[in-house]
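Report on the following structure.
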Amino acid sequence: MNEYLVIALFIVWYTLAMIISETMGKRKKIGVEWSFFISFLFSPVVGFLVTYFSKDK
């Protein structure tokens with residue numbers, strides 16, 4: 121049961137990072153790639169904040 125929880129959390133983490141990078145990252149100067157990298161590496165919440173406060177294109 122524990123393995124399924126880890127897999128589910130990974131899928132949710134990855135999906136949230138993709139959503140943040142695709143919806144917000146392409147409109148910001150930080151870009152899709154860096155937005156995804158920060159969201160995936162640290163957390164989707166941190167990635168959202170960094171992407172939100174970065175400059176517009």
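Residue numbers (our numbering): 121 to 177.
Glycine is no exception: its CB is placed at the ideal position from the N, C-alpha and C atoms.
Just so we're clear, the structure is a prediction, and the values are computed from it rather than from any experiment.
In angstroms, rounded to a whole number, what distance separates the CA positions of residue i and residue j?
| i | j | result |
| --- | --- | --- |
| SER141 | VAL152 | 5 Å |
| PHE83 | SER174 | For residue 83 there is no data in the structure shown, the boundaries of the chain being 121 and 177. |
| TRP154 | ASN122 | 31 Å |
| ARG147 | LYS177 | 6 Å |
| MET138 | ILE131 | 10 Å |
| TYR172 | LYS149 | 10 Å |
| TYR124 | VAL165 | 23 Å |
Label residue i either buried or exposed according to how many other C-beta atoms from any shown protein chain fall within 10 Å of its C-beta, with 16 as the threshold for buried.
| i | result |
| --- | --- |
| PHE168 | buried |
| THR143 | exposed |
| ALA128 | exposed |
| PHE162 | exposed |
Pull up the DSSP beta-bridge partners for residue i, would you.
| i | result |
| --- | --- |
| LYS148 | ASP176 |
For residue i, I'd like the list of residues in its chain whose CB is within less than 6 Å of its CB, leaving aside the five on either flank, ordered along the chain.
| i | result |
| --- | --- |
| VAL170 | ILE158 |
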